[in-house]
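I have placed the structure first, in the form of structure tokens, so that the comments after it can refer back to it.
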Amino acid sequence: MCPTCGTASARVHSRYVRRLADSAVGGRPVVVELQVRRFRCRERSCSQATFAEQVDGLTFRHGRRSTGLQTVLQQVAGRCHVVECVSA
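Residue numbers (numbering that gives the first Met the number 0): 0 to 87.
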């Protein structure tokens, strides 16, 4: 489904490998490798010529982390406070 116009497309443009960082297991980093398809939008008036498929619950547009890891990082960032340092 095109993220811009919502038109469904089955016309595959290309494929590529996408690597996502995920939450560590046993103190070791985890990388998820997915083979992702790029599709052509069928709607000629749409500004989005091609788009990549997303896996619900795992990927999001332009993301380099799994949605689970992204959620954890956002929760940690929400608990941190930025302190400004001013020189005297």
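Using N, Cα and C, we set each Cβ at its ideal position, and we do this for glycine too.
Exercise. Once you ignore the five residues that flank Ala23 on each side, which residues in its own chain have a CB closer than 8 angstroms to its CB?
Worked result: Looking up residue 23 in the sequence shown gives position 24. If we look at Ala23 and ignore the five residues flanking it on each side, its Cβ neighbours are Val29.
Exercise. Which class does Leu68 belong to by DSSP, given the choice of helix, strand or coil?
Worked result: Position 69 of the sequence shown, counted from the first residue, corresponds to residue 68. Leu68: helix per DSSP, three-state reduction.
Exercise. Are there three or more Cβ pairs, one per stretch, closer than 8 angstroms when the stretch 32-39 is compared with the stretch 60-73?
Worked result: no
For this session: Just mark Cys4 as buried or exposed, buried being the case when its beta carbon has 16 or more other beta carbons within 10 Å.
Result: On the sequence shown, position 5 is the one that residue 4 refers to. So Cys4 counts as exposed.
Problem set entry | Nearest residue (CA-CA) to Phe38, options Pro2, Ser8 and Val16 | The residue given as residue 38 occupies position 39 in the sequence shown. The shortest C-alpha separation from Phe38 is found at Ser8.
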